[in-house]
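Protein chains: 2
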Amino acid sequence: METVTFREASEQDLDSIVFMLSDDNLGNTRERYEHPLPESYIKAFRAIDSDPNIELIVACVGNTIVGVEQVTFTPHITYQGGWRATIEGVRTASSERGKGLGSQMIRFAIERAKERGCHMMQLTTDKKRVDALRFYERLGFKASHEGLKLHL
Amino acid sequence: METVTFREASEQDLDSIVFMLSDDNLGNTRERYEHPLPESYIKAFRAIDSDPNIELIVACVGNTIVGVEQVTFTPHITYQGGWRATIEGVRTASSERGKGLGSQMIRFAIERAKERGCHMMQLTTDKKRVDALRFYERLGFKASHEGLKLHL
Chain X
1 METVTFREAS EQDLDSIVFM LSDDNLGNTR ERYEHPLPES YIKAFRAIDS
51 DPNIELIVAC VGNTIVGVEQ VTFTPHITYQ GGWRATIEGV RTASSERGKG
101 LGSQMIRFAI ERAKERGCHM MQLTTDKKRV DALRFYERLG FKASHEGLKL
151 HL
Chain U
1 METVTFREAS EQDLDSIVFM LSDDNLGNTR ERYEHPLPES YIKAFRAIDS
51 DPNIELIVAC VGNTIVGVEQ VTFTPHITYQ GGWRATIEGV RTASSERGKG
101 LGSQMIRFAI ERAKERGCHM MQLTTDKKRV DALRFYERLG FKASHEGLKL
151 HL
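Chains as they are written, first to last, in the UniProt record's numbering: chain X, 1 to 152; chain U, 1 to 152.
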């Protein structure tokens, strides 16, 4: 496959990111891909961008953004004061699915987590995404936990 | 039951917190409750304390710490730039279990999440903790997701 590069997102990438998030079976009911983008996306981007413990990472082929993932590094008292990395909002462009891009993205996040000294990488995946569970298990994740959500 | 108060933990509380974390079926294999406490706990406490988006909350009866929970507030691009609150490291003193303290702690965290404008509260619970799942479901959480972990 084509060479994929990874970098932190800039505000100019937000349009492509929101498009990918909305171009998804579950995301299409949650997101608002409009022009101009709703202000809430821009505010969230700036909060993420200014937090040294959050990396919003885009995968690129040439100048085209083909994937996005958010990796948050968090200190905890548990595990003897260990840091964890949490991956959320993983999406690939629909044109790129099935080419191994998702695996590359998760492996990149794992390397970042190791560089940051994290002892654990974690994520939750919607039980409706049946293929996603197998995908993460192939990468070594164990579905040892229930992922509980409460909409406020 | 006795009146429970909640406040952010101070470094002086760390001994009680680590004791509670280690006095647990799963925690006893992961933690090191020693004197002096391993430096890694103190470093993690200071990282948490200096992060405005993390609250390490202790529940107290009088001057005695009877519970601990960490609530992390995180901005995301998903859900139109929504913030989420994640609860982790919830423990109650063994002497207090079965008295409704856990519910009070989670309800306190939910109120904090609402005050911070979060649209979702989330947590993962080990599938080995069979009572915990029912506890969280009674509080309104849905086990809609798999919780995946990868030890690095």
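Note that CB positions come from ideal geometry on N, CA and C, so glycine has one too. Computed from a predicted structure; not experimentally measured.
**Report entry** With 16 other Cβ atoms within 10 Å as the buried cut-off, status of X/E2
**Finding:** exposed
Query - Entirely enclosed alpha helix (DSSP H) segments - the UniProt domain "N-acetyltransferase" (4-152) of chain X, minimum 4 residues - result: 14-22, 39-49, 78-81, 101-115 and 130-138
Query raised in the report: Less than 9 angstroms separating the beta-carbons of U/F6 and U/V58?
Result: U/F6 places its beta carbon less than 9 angstroms from that of U/V58.
Requested in this report: Take the Cβ of X/N63 as the centre, count every other Cβ of all protein chains shown within 10 Å, and call the residue buried at 16 or more, exposed below.
Outcome: exposed
Query raised in the report: Can you tell me the Cα-Cα spacing of U/V4 and U/R46, whole angstroms?
Result: Each residue's Cα considered, the two are about 25 angstroms apart.
Query - Cβ of U/P38 within 9 angstroms of any chain X Cβ - result: Closer than 9 angstroms to some Cβ of chain X, the Cβ of U/P38 qualifies, so yes.
Query raised in the report: U/Y81: which of U/H119, U/D24 and U/G140 sits nearest, CA to CA?
Result: Per the sequence shown, residue 81 of chain U should be read as Gly rather than Tyr. That would be U/H119, whose Cα lies nearest to the Cα of U/G81.
**Report entry** Expected contact under 8 angstroms - CB spacing of U/E106 and U/L139 to nearest Å
**Finding:** As written in the sequence, residue 106 of chain U is Ile, which differs from the Glu given in the question. Their Cβ separation, rounded to whole angstroms, is 5 angstroms, which keeps U/I106 and U/L139 in contact under 8 angstroms.
Report task. For X/V90, count neighbouring Cβ atoms within 10 angstroms of its own Cβ and tell me buried if that reaches 16, exposed if not. Result -> buried
Query raised in the report: Given that a residue counts as buried once 16 or more other Cβ atoms are within 10 Å of its Cβ, and exposed if not, what is X/E69?
Result: buried
**Report entry** Straight-line gap, U/Q104 to U/E111 (C-alpha atoms, nearest Å)
**Finding:** 11 angstroms
**Report entry** U/L150 and X/I77 closer than 9 angstroms at C-beta
**Finding:** Contact flag unset, no.
Query - Nearest neighbour of U/S22, chosen from U/Q12, U/Y41 and U/D49 [CA to CA] - result: U/Y41
Requested in this report: Report the residues of the region 121-148 of chain U with a CB closer than 7 angstroms to any CB of chain X, ordered along the chain.
Outcome: M121, Q122, L123, T124, T125, D126, K127, L133, Y136, G140, F141, K142, A143, S144, H145, E146, G147 and L148
Query raised in the report: Shortest alpha-carbon distance to residue 161 of chain U belongs to which of U/L26, U/E31, U/E8 and U/N25?
Result: Nothing can be reported for residue 161 of chain U: it is not among the residues displayed for chain U, which extend from 1 to 152.
Query - Neighbour flag for U/R30 against chain X, beta carbons, 9 angstroms - result: At a cut-off of 9 angstroms between beta carbons, U/R30 contacts chain X.
Report task. Return no unless some Cβ of chain U is closer than 9 angstroms to the Cβ of X/Q80. Result -> yes
Query raised in the report: Quick one: is U/F45 near chain X, going by C-beta distance under 9 angstroms?
Result: yes
Report task. With a cut-off of 8 angstroms on the beta carbons, I'd call U/G67 and U/A93 a contact; round off their distance for me. Result -> 7 angstroms
Report task. Look at residue 163 of chain U and U/I48 and say whether their C-beta atoms are less than 9 angstroms apart. Result -> Given a span of 1 to 152 for chain U in the structure shown, any question on residue 163 of chain U remains unanswerable.
**Report entry** Below-9 angstroms beta-carbon distance, U/K114 vs any chain X residue
**Finding:** yes
Query raised in the report: Between U/P75 and U/W83, what straight-line distance do the alpha-carbon atoms span, to the nearest angstrom?
Result: 4 angstroms
**Report entry** Residue from U/V71, U/V61 and U/T72 whose Cα sits closest to the Cα of U/K99
**Finding:** Looking at the Cα atoms, U/V61 is the closest of the given residues.
Query - Contact set between U/G89 and chain X, taken where Cβ atoms lie within less than 7 angstroms - result: H76, I77 and T78
Report task. Could you check the C-alpha separation between U/P36 and X/Y79 for me, to the nearest Å? Result -> 17 angstroms
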